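One structure is given here, and the rest of the page talks about it.
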Amino acid sequence: MTEDNIPPYVFRVLLFGPIAQTAGTTCAEVMIEQPDILVEQLIETLCRQNPGIASSVRTCRIARNHAFAQDHERVSFRDELALIGMVSGG
Amino acid sequence: MTEDNIPPYVFRVLLFGPIAQTAGTTCAEVMIEQPDILVEQLIETLCRQNPGIASSVRTCRIARNHAFAQDHERVSFRDELALIGMVSGG
Amino acid sequence: MKITVRIINGPLTDSGQVLRMPDAGAVVCFHGIVRELEQGRRILALDYEVYSPMAEQELQRLAGEVVQTHGLAAISVDHSRGRVPVGECSFRLTVASMHRKASLTAMDEFIDRMKMDVPIWKHPIFAEDR
Amino acid sequence: MKITVRIINGPLTDSGQVLRMPDAGAVVCFHGIVRELEQGRRILALDYEVYSPMAEQELQRLAGEVVQTHGLAAISVDHSRGRVPVGECSFRLTVASMHRKASLTAMDEFIDRMKMDVPIWKHPIFAEDR
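Chains A, B, C and D supply the protein sequences, listed in that same order.
Going by our numbering, 179 is the number at position 85 of the first sequence; the sequence numbering is gapless.
Going by our numbering, 97 is the number at position 3 of the second sequence; the sequence numbering is gapless.
Going by our numbering, 462 is the number at position 62 of the third sequence; the sequence numbering is gapless.
Going by our numbering, 494 is the number at position 94 of the fourth sequence; the sequence numbering is gapless.
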């Protein structure tokens, strides 16, 4: 049992590209009472706690540990989480 | 007026690829009474005088001086003529 | 090697993988070059932000799917990270297949899907910002 | 130079023209490689018979039409004459355009039309004939 394993749990979500610019940070922190949560709930909480992100969130997906996660999957505060908006490689 | 400018005129038609192999030559000679002739008549005479070619002639076109000629155009015995069958470059 | 994926710092300056497979009659190579206009404005360069290792993993996954779908002999993907000046190559995709149509279709599909799914972002460096 | 056409004796061994145009974001290069099977039989090489200068003229004409139709920035065509061993390159087409789709479509169309209209013939050298 580690020190940080007490509520609220800090979910750190990496931000990139235009969303990071809008949010003014490359890592948003979300405080949640449970150690894991549905992807759709994470996104909802992320928007509530970081209103600047909300406008672009409709085109975003959550990646958990470097792979896209579905809305109905659960993610943990221990996961590496990222909010992936519109990409522009190539 | 050159020596060869008397009938019959010799139309030389270059052959390539499978048609040259079938005909056993890379240059078919066609004797015609006029110094120029419609492309369609040239093809017809070529087939009559070189029966080996006739079976593949339907997929062939005549080139005059390195460009494809239409059936209704006239070609001269002085032109560089070629019978272009199915090609297979690339 | 059937699938290779590389993220490279700066422009892609070498000429890329040569894909020679015993029965690949068609090898097609796409080069994405940084253009001097972005949204109608003159730029000096693009800065590519890459989320590693997810970008590499997504490119690998996508490459695997495209190889499978189109029966490719081989695929090689290189993408730049960081600054790439105008006129330089930032992306290179090489595809080998038995016949031409499979390579061309696979190439088009790969690039379409990359532009949807691979976490890479470009940031234009505008000329007038300097 | 916007359009270049070359007929080259033997395999295409150099890496071809590098097409860098100020506003071409996409450069696509197709390599046709001699495959080891022809009509299901093992071959050693292909011998390419080229009707010159008609082949060059037809390639030039075709290149001009495709540049026009698809608004290409540049096109370069190289084709072998004579013997090209299995695994070597006999045909290379490089196309540059502002965006990717134009290059890929133009490439496909060019090759389709070349295989109809350009007076070049391949003669397989079968392994068992030696």
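Each residue gets a CB set at the ideal place from its N, CA and C atoms; glycine is no exception.
Treat the numbers as computed from the prediction; the structure is a model and nothing was measured.
*Give the residues of chain A in contact with F510 of chain C, contact being defined as C-beta atoms less than 9 Å apart.*
Close partners of F510 of chain C in chain A (Cβ separation under 9 Å) are lacking, with about 10 Å as the shortest Cβ gap.
*Completely contained beta strand (DSSP E) runs for the region 422-463 of chain C, where each covers 3 or more residues*: The DSSP assignment places 426-433 and 441-450 as complete runs of the beta strand (DSSP E) inside the region 422-463 of chain C, in order along the chain (cut-off: 3 residues).
*Between G183 of chain B and I147 of chain A, what straight-line distance do the alpha-carbon atoms span, to the nearest angstrom?*
Across the structure, G183 of chain B and I147 of chain A are spaced so that their CA atoms are roughly 56 Å apart.
*For F510 of chain C, write down the residues that DSSP places opposite it in a beta bridge.*
Note: F510 of chain C sits in no beta bridge, so no partner.
*Please list the partners that M507 of chain C has in chain D, where partner means a Cβ-to-Cβ separation under 7 Å.*
Simply L504.
*Quick one: Cα of D447 of chain C to Cα of V484 of chain C, how far?*
Answer to the nearest angstrom: the Cα atoms are 6 Å apart.
*Which residues, taken in chain order from the region 96-123 of chain A, show a beta carbon closer than 8 Å to some beta carbon of chain C?*
The region 96-123 of chain A vs chain C, Cβ under 8 Å: L108, F110, G111 and P112.
*Would you list, in chain order, the members of the region 431-445 of chain C that have their beta-carbon closer than 9 Å to a beta-carbon of chain D?*
Taking 9 Å as the Cβ-Cβ cut-off against chain D, the residues of the region 431-445 of chain C that qualify are H431, G432, I433, V434, R435, E436 and L437.
*How would you label V107 of chain A, buried or exposed, when you count the other beta carbons within 10 angstroms and need 16 or more for buried?*
Its Cβ being crowded by 16 or more others within 10 Å, V107 of chain A is buried.
_Cutoff 6 Å; reference V486 of chain D; Cβ partners in own chain excluding five residues on either side_ = Excluding residues up to 5 positions away in sequence, V434 and E436 lie with their Cβ nearer than 6 Å to the Cβ of V486 of chain D in the same chain.
*Between the CA atoms of P519 of chain D and V181 of chain B - distance to the nearest angstrom*: Roughly 6 Å separates the two Cα atoms.
*Give me the Cα-Cα distance between P101 of chain A and S170 of chain A, rounded to the nearest whole angstrom.*
For the pair P101 of chain A and S170 of chain A, the Cα-to-Cα distance works out to about 13 Å.
*For T413 of chain C, which of C:L444, C:I443 and C:S480 has the nearest alpha-carbon?*
Nearest to T413 of chain C by alpha-carbon distance, out of C:L444, C:I443 and C:S480, is C:S480.
*asked:* Does chain D have any CB closer than 8 Å to the CB of I147 of chain B?
replied: No, I147 of chain B does not count as interfacial toward chain D.
*In the DSSP assignment, find the alpha helix (DSSP H) that holds G179 of chain B and state where it starts and stops.*
Under the DSSP assignment, G179 of chain B falls outside any alpha helix (DSSP H); it carries neither an H nor an E label.
*Near-chain D residues of the region 158-175 of chain B (beta-carbon distance less than 8 Å), N- to C-terminal order*: Taking 8 Å as the Cβ-Cβ cut-off against chain D, the residues of the region 158-175 of chain B that qualify are H160, A161 and F162.
_Nearest-angstrom Cα separation, counted from L177 of chain A out to A506 of chain D_ = For A506 of chain D and L177 of chain A, the distance between alpha carbons rounds to 38 Å.
*Neighbour list for E449 of chain D in chain B, Cβ cutoff strictly below 8 Å*: Neighbourhood of E449 of chain D in chain B, by CB distance below 8 Å: F110 and G111, in chain order.
*Are there 16 or more other CB atoms within 10 angstroms of the CB of S503 of chain D, so buried, or fewer, so exposed?*
Result: buried.
_I need the DSSP call for M498 of chain D, collapsed to helix, strand or coil._
In this structure, M498 of chain D counts as coil in the three-state DSSP scheme.
*asked:* So, with DSSP's three-state summary, where would you put K402 of chain C?
replied: In this structure, K402 of chain C counts as coil in the three-state DSSP scheme.
*Output the distance between the C-alpha atoms of V427 of chain C and P145 of chain B, rounded to the nearest integer angstrom.*
Per the coordinates, the alpha-carbon of V427 of chain C lies some 42 Å from the alpha-carbon of P145 of chain B.
*For A125 of chain B, count neighbouring C-beta atoms within 10 Å of its own C-beta (all shown protein chains included) and say buried if the count is 16 or more, exposed if not.*
According to the sequence shown, residue 125 of chain B is Met rather than Ala. Its Cβ having fewer than 16 others within 10 Å, M125 of chain B is exposed.
*Tell me which same chain residues have a C-beta within less than 8 Å of the C-beta of T120 of chain A, skipping the five on either side of it?*
The residues are L108, L109, F110 and A114.
*asked:* Quick check: the Cα distance between K501 of chain C and A424 of chain D, rounded to an integer number of angstroms?
replied: One C-alpha to the other measures close to 23 Å.
*asked:* Going by C-alpha to C-alpha distance, which of D:Q439, D:E465 and D:G410 sits closest to R513 of chain D?
replied: For the options D:Q439, D:E465 and D:G410, the alpha carbon positioned closest to that of R513 of chain D is the one of D:E465.
*Going by beta carbon distance, what residues of the same chain come within less than 8 Å of Q164 of chain A, once the five residues before and after it are set aside?*
Contacts found: V133.
*asked:* Strictly under 8 Å for the Cβ-Cβ distance: is R461 of chain D near chain C by that measure?
replied: Judged by the 8 Å Cβ criterion, R461 of chain D is not in contact with chain C.
_Using a Cβ-Cβ distance cut-off of 8 Å, determine whether I126 of chain A contacts chain C._
Using a CB distance cut-off of 8 Å, I126 of chain A does not count as an interface residue toward chain C.
_So that I know if they touch, is there some Cβ in chain C lying closer than 8 Å to that of V181 of chain A?_
Cβ-Cβ to chain C under 8 Å: yes for V181 of chain A.
*Check whether the Cβ of V427 of chain D lies closer than 8 Å to any Cβ atom in chain C.*
Yes - at least one Cβ of chain C is within 8 Å of the one on V427 of chain D.
*asked:* With DSSP as the reference, identify every bridge partner of H125 of chain A, one or two as the case may be.
replied: This sequence places Met at residue 125 of chain A; His is not what is there. Under DSSP, M125 of chain A takes part in a beta bridge, and its partners are A:V104.
*Could you please tell me which residues of the region 457-482 of chain C, in chain order, have their CB closer than 7 Å to any CB of chain A?*
The region 457-482 of chain C vs chain A, Cβ under 7 Å: Q457 and H479.
_Using 8 Å as the threshold, is the C-beta distance between A527 of chain D and I408 of chain D below it?_
It is not a contact, given that the beta carbons lie outside the stated cut-off.
*Leaving out five residues on either side along the sequence, give the residues of the same chain with a beta carbon under 8 Å from the beta carbon of M95 of chain A.*
Reliability of the predicted coordinates at M95 of chain A is poor, the pLDDT of 45 falling under 50, and the value obtained from them is presented with this limitation in mind. There are no such residues.
*Pairwise C-alpha distance: G118 of chain A and H523 of chain C*: Roughly 15 Å separates the two Cα atoms.
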